[in-house]
Ligand code: AP5
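Quick look at the structure:
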């Protein structure tokens, strides 16, 4: 079992890059999407997550690590597991290392999407997501053919509740405090591949594919 991590601030384009790596056979694991699925189901975990996500805060480490443990121990993947939004704290990084060790897996690379805050705020403010299938658009950089309608399934496009200006600011603060230290953690293991994520969608995707190749 091989694993690749997509690391970077909220809105850097992790989900957008993941789409192209999934086409190449990676199994995409987005903890943000898993949590939004729990919210949609109305589960106890979803209720706990909803309040925290809408405040721009993290869900507790043990909750997220438990979700990843369940998923990895029950999945088989011929290609690599692609983690998007996990790990997000040093505790989560250490737990992932332990879990991969137990399962005979190897962390191959950590792709760091570098992106300045002003670009991030513009991306998150313009993001729209299909309420049915979760496909992600941007009103200016990746618009649907018909305004507010998903190209894939005709679903309605909505703004994520955590993409409001105040919550974006909080998410960026929490990223700096809790997630940015992972860059040094993985650089010490020689695993980090830095990508300039302020480029166009096509340029970022091409750079990631080239560096992972
Ligand atoms: P999560 O869903 O993981 O949110 P995030 O990390 O904040 O990342 P985003 O999904 O907001 O952005 P992205 O980097 O994927 O960018 P995207 O491709 O969409 O997590 C949500 C919440 O869940 C967290 O805040 C936390 O509360 C909780 N959570 C999740 N995981 C957790 C964990 N491990 N531990 C604890 N809590 C956890 O792109 C953004 C926009 O920009 C889109 O509109 C896109 O079209 C556009 N765009 C992308 N790339 C480009 C480009 N190159 N040029 C122009 N536009 C672009």
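Numbering (this note's numbering), first residue to last: 1193 to 1405. Beta carbons are placed, not taken as given, at the ideal position from N, Cα and C, and that holds for glycine. Bear in mind the structure is a predicted one, so any value in this text is a computation, not a measurement.
- Would you check if the segment 1331 to 1340 and the segment 1295 to 1304 touch, i.e. whether three or more CB-CB distances between them fall below 8 Å? no
- Item | Helix, strand or coil at residue 1334 [DSSP, three-state] | strand
- Who are the Cβ neighbours of residue 1367 in its own chain at under 7 Å, not counting the five residues just before and after it? 1201 and 1202
- Residues in its own chain within less than 7 Å of residue 1207 by CB, not counting five upstream and five downstream? 1222, 1276 and 1328
- Message: If distances are taken between C-alpha atoms only, which option among 1371, 1323 and 1361 comes closest to residue 1352?
- Response: 1323
- Task: Compute the Euclidean distance between the alpha carbons of residue 1218 and residue 1235, then round it to the nearest angstrom.
- Result: 28 Å
- Message: Within the continuous beta strand (DSSP E) that includes residue 1198, where are the two ends?
- Response: 1194 to 1199
- Query: Count the other CB atoms within 10 Å of the CB of residue 1373; is the residue buried (16 or more) or exposed (fewer)?
  - Reply: exposed
- Query: Since residue 1306 is in the beta strand (DSSP E), which residue starts that stretch and which ends it?
  - Reply: 1298 to 1306
- Task: State the start and end residues of the unbroken alpha helix (DSSP H) segment that holds residue 1404.
- Result: 1393 to 1404
- Query: Does the beta-carbon of residue 1216 have 16 or more other beta-carbons within 10 angstroms, so that it is buried, or is it exposed?
  - Reply: exposed
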